[in-house]
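Residue numbering for the sequence shown follows my numbering, beginning at 1031 and increasing consecutively. Built from N, CA and C at the ideal position, the CB exists for glycine as well. Because the structure is a prediction, the values reported are computed rather than measured. Below you'll find the structure, written out as structure tokens, and then a few comments.
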Amino acid sequence: MSTTAELLKGAAELFPDEVVTSAHVRHFELPAGAGRFALITLDNGFDHTKPTTFGPQSLANLNAAIDQVEAEAANGEIVGVGITGKPFIFAVGADLKGVELLKKHDEALAIGKGGHDVFKRLSALAVPTFAYYNGAAMGGGVEVGLHCTYRTVSKALPAFSLPEVFLGLVPGWGGCAILPNLIGAEKAVSVIIENSLNQNRQLKGKQVFELGIADALFEGADFLEQSLIWTASVLKGDVTVDRPEVDRGEAWDQAVAKGRAIADSKVHGAAPAAYRALDIIEAAKDGDLQKGFDAEDQALADLIMGGELRSGIYAFNLVQKRGKRPAGAPDKSLARPVTKVGVVGAGLMASQLALLFLRRLEVPVVLTDIDQERVDKGVGYVHGEIDKLLGKGRINQDKANRLKGLVSGVLDKAEGFADADFIIEAVFEEMSVKQKVFAEVEAVAPAHAILATNTSSLSVSEMASKLQHPERVVGFHFFNPVAVLPLLEIVKGEQTDDASLATAFGVAKKLKKTAVLTKDAPAFVVNRILTRFMGEIQNVIDEGTSVETAEKAVEPLGLPMSPLVLLELVGPAIGLHVSETLNRAFPERFKVSPNLKAVVEAGKRGFYVYKPENGFKPELDPEVAALLKQGDVVLTEEQVRDRVLDAVAQEIGLMLEEGVVAEAQDIDLCLITGAGWPFHLGGITPYLDREGVSERVNGKRFLAQGVASVPA
1031 MSTTAELLKG AAELFPDEVV TSAHVRHFEL PAGAGRFALI TLDNGFDHTK
1081 PTTFGPQSLA NLNAAIDQVE AEAANGEIVG VGITGKPFIF AVGADLKGVE
1131 LLKKHDEALA IGKGGHDVFK RLSALAVPTF AYYNGAAMGG GVEVGLHCTY
1181 RTVSKALPAF SLPEVFLGLV PGWGGCAILP NLIGAEKAVS VIIENSLNQN
1231 RQLKGKQVFE LGIADALFEG ADFLEQSLIW TASVLKGDVT VDRPEVDRGE
1281 AWDQAVAKGR AIADSKVHGA APAAYRALDI IEAAKDGDLQ KGFDAEDQAL
1331 ADLIMGGELR SGIYAFNLVQ KRGKRPAGAP DKSLARPVTK VGVVGAGLMA
1381 SQLALLFLRR LEVPVVLTDI DQERVDKGVG YVHGEIDKLL GKGRINQDKA
1431 NRLKGLVSGV LDKAEGFADA DFIIEAVFEE MSVKQKVFAE VEAVAPAHAI
1481 LATNTSSLSV SEMASKLQHP ERVVGFHFFN PVAVLPLLEI VKGEQTDDAS
1531 LATAFGVAKK LKKTAVLTKD APAFVVNRIL TRFMGEIQNV IDEGTSVETA
1581 EKAVEPLGLP MSPLVLLELV GPAIGLHVSE TLNRAFPERF KVSPNLKAVV
1631 EAGKRGFYVY KPENGFKPEL DPEVAALLKQ GDVVLTEEQV RDRVLDAVAQ
1681 EIGLMLEEGV VAEAQDIDLC LITGAGWPFH LGGITPYLDR EGVSERVNGK
1731 RFLAQGVASV PA
């Protein structure tokens, strides 16, 4: 049997680049004569921008610190042990860079076992142990505290979560076993499953206390001082911590069942992590923690060696790293300052854009449209949204007044845009209309102003072709709802110069958007892939497969919504317009569905109706069913899925050959941030690789083995 120290030493050798966390032990006398106390501080030596993590060497350091305090406790030299973090950070869990390097099941098992072996020593000490959650705590950072006897939390704590299921893991260092036994299964399922699958929702300090995870809540300013005064009171017996009894009856089973329903609604059985976590929670009902820890080790090792986690880490790295350093962006020193923004159009999309520029850039924003009523409506929308922010306490009255003062609307473009540095159009999606708008804007805008278009599918180069200065036109394609979806496709026209492009990327960064550079190709990235995906679904329906079978076929992907519900969100008319654009460009691959055309012509908003008596579940609209003209080719779900995935793999292969984006990674980044595709798929290309579709269609993988998959 390997000792913990040997396990961790072996793991550390696999991971030479670990950012190592130290575990410093210091001693002092507690207030009110409560006795001598040992405090362990977790610190990796960097400021809060590089949060503290647990790799193998870091765990070994904590293990050594526990060796020291264990001996002191056994000798009666101390009355208690505390653990806390550096300023603003408690600890944010396992170091995922090390997890990516693991190639064998037994290496993965060692990581799970190593964490458990170290953490559970905290609950086995001869004196009480205290965790002081002073700052951000996630994953293993939360779990190390769960092994302590007591916990306090700071009111200023910004983020607390067990995000493992979101990434394709389970809380594997005690979370699945201890948390339901501490706060009950229902609350534990909410933290471990529901929050994770809701885009990794975080808890604040007050919520951590209210859930019963922490026993006391203190202000951030003197958090450690107050925690130590409270600790002294607990040790002296002046304060007794009462925890409600956990219901181990039907409530536990109901909580697990609810967790399964949540997992089904989010991932449709397509990703194993949530279900493995629920199995462990279910088995933890009898309170046997060691059995739970063993199950966590096994689940952790299995999931680390599976494709879902590798895809999850890959997706996480895309969003956190590649998304912040866009491939192909020009040198940022070329960017020009933007001190005023013009928006052409005052409809819903234009108004959303005006609000976003106003909130993020805090510079004057002016809207124009064809009549005063529309202009007033656009400005009114922005004012209304600012009032909502004020009502929710997100901004104060001064800020609300200032923002309202910065937005205005005029009919005369010359008056509105004469001193604007960045002008974006969001008018009707028709080439002649957009060319006319740009000609009018160019005539009145300053020579340095960027002219941006929010087109979803039209050629940026053609739009700019009749201008005197086409080099300053750039595609700036947002996704709806603008405030929610992070992606911004930045399109380089044939003539777009580097200064205009650099300015566009600079603005995107200030807007806090994930910018991806794309070539000026029909429908760019997201709409081209989604239209091919939806088009193939539409084709099989037109040929004779039922709507229900076509929709269910892609459920195993675990997408945020079914294709026809997505079509409803986008709007059938827009879907039809994009498919017509792509049909003109690539008629052999993109058909225009006569059934979709009929739905649009009938003025229907989608294929479904939602009735309260059916729990608002989507049902095929009888009026739409009457419009459908279908052939007699009926496919199975599996045949539909193969056709759809083959089509998508073919399209992505062609896009990469055309150089629409730099690499497959950019396609995945676009789908994750622009279409809400799940982290556990890694976007789309890791899934196509994993399922063998890439090789079947294109004769090769999109990503090298070891990128979003287990290294060879």
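Where the alpha helix (DSSP H) containing residue i begins and where it ends
i	result
Lys-1549	Per DSSP, Lys-1549 belongs to no alpha helix (DSSP H); it is in the beta strand (DSSP E), 1544–1549.
Ile-1141	1135–1149
Thr-1579	1577–1583
Gly-1372	No alpha helix (DSSP H) contains Gly-1372, which is instead part of the beta strand (DSSP E) from 1371–1374.
Ser-1724	1723–1728
Val-1474	1461–1474
Residues near residue i in its chain [Cβ-Cβ closer than 7 Å; skip 5 each side]
i	result
Leu-1667	Residue identity differs from the one stated: residue 1667 is Glu in this sequence, not Leu. Thr-1579, Lys-1582, Ala-1583, listed in sequence order.
Val-1537	Val-1368, Phe-1452
Arg-1366	Asp-1451, His-1478, Ala-1529, Thr-1533
Lys-1730	Ser-1724
Glu-1312	Val-1286
Check whether residue i and residue j have beta carbons under 7 Å apart
i	j	result
Asn-1484	Ala-1456	yes
Ser-1191	Gln-1232	yes
Ala-1019	Ala-1138	What the structure shows of the chain is the stretch from 1031 to 1742, and residue 1019 is not part of that stretch, so it cannot be assessed.
Gly-1214	Val-1276	yes
Glu-1566	Ala-1677	yes
Val-1049	Gly-1110	no
Val-1195	Gly-1289	no
Val-1474	Gly-1439	no
Lys-1496	Gln-1465	yes
Lys-1133	Leu-1227	no
Thr-1051	Thr-1079	no
Anticipated Cβ contact below 8 Å, residue i with residue j, distance rounded
i	j	result
Ala-1064	Lys-1266	5 Å
Gly-1075	Phe-1045	Going by Cβ atoms, the distance from Gly-1075 to Phe-1045 rounds to 17 Å, so no, they are not a contact pair.
Met-1493	Val-1740	Rounded, the Cβ-Cβ distance is 45 Å, inconsistent with contact.
Val-1727	Ala-1679	4 Å
Pro-1652	Asp-1572	The Cβ separation is near 19 Å, so there is no contact.
Val-1412	Leu-1388	7 Å
Val-1200	Ala-1293	At roughly 12 Å, the Cβ-Cβ gap does not stay under 8 Å, so Val-1200 and Ala-1293 are not in contact.
Arg-1720	Gly-1337	5 Å
Classification of residue i by the beta-carbon crowding that lies within 10 angstroms, buried from 16 upward
i	result
Val-1663	exposed
Leu-1441	exposed
Ala-1632	exposed
Phe-1458	exposed
Tyr-1162	buried
Asp-1147	buried
Pro-1511	exposed
Met-1031	Interpretation of Met-1031 is limited by its pLDDT of 43, a score under 50 that renders its predicted location unreliable; the figure taken from the coordinates is listed afterwards. So Met-1031 ends up on the exposed side.
Val-1737	buried
Glu-1043	exposed
Gln-1735	exposed
Ala-1742	exposed
Ala-1551	buried
Glu-1598	buried
Gln-1402	exposed
Ala-1101	exposed
Gln-1320	exposed
Tyr-1717	buried
Ile-1400	exposed
Neighbourhood of residue i by C-beta, 8 Å cutoff - its chain only, sequence neighbours within 5 removed
i	result
Ala-1694	Ile-1682, Leu-1686, Thr-1715, Phe-1732, Leu-1733
Gly-1423	none
Continuous beta strand (DSSP E) stretch holding residue i: start and end
i	result
Phe-1120	1119–1121
Leu-1070	With the sequence shown as reference, residue 1070 is identified as Ile, and Leu is not the correct amino acid for it. First-last of the beta strand (DSSP E) with Ile-1070: 1065–1073.
Glu-1455	1452–1455
Gly-1317	Neither: Gly-1317 is in no beta strand (DSSP E) and is coded neither H nor E.
Arg-1181	1180–1184
Same chain only: Cβ atoms within 6 Å of residue i, ignoring 5 sequence neighbours per side
i	result
Pro-1708	Gly-1588
Thr-1071	His-1054, Thr-1114
Ile-1702	Ala-1345, Gly-1713
Gly-1171	Phe-1120, Ala-1121, Val-1122, Gly-1123
Asp-1047	none
Ala-1262	Leu-1060, Pro-1061, Ala-1062, Ala-1064
Glu-1216	Ala-1285
Phe-1096	For clarity, residue 1096 is Ile in the given sequence; the question names Phe instead. Only Arg-1151 meet the Cβ criterion.
Gly-1342	Leu-1197, Gly-1198, Phe-1709, His-1710
Cβ of residue i within 7 Å of any chain B Cβ
i	result
Leu-1397	Any reference to chain B falls outside this structure, which holds one protein chain only.
Residue i CB to nearest heavy atom of the ligand MG below 6 Å
i	result
Val-1546	In terms of ligand content, the structure shown is empty, and the ligand MG therefore cannot be addressed.
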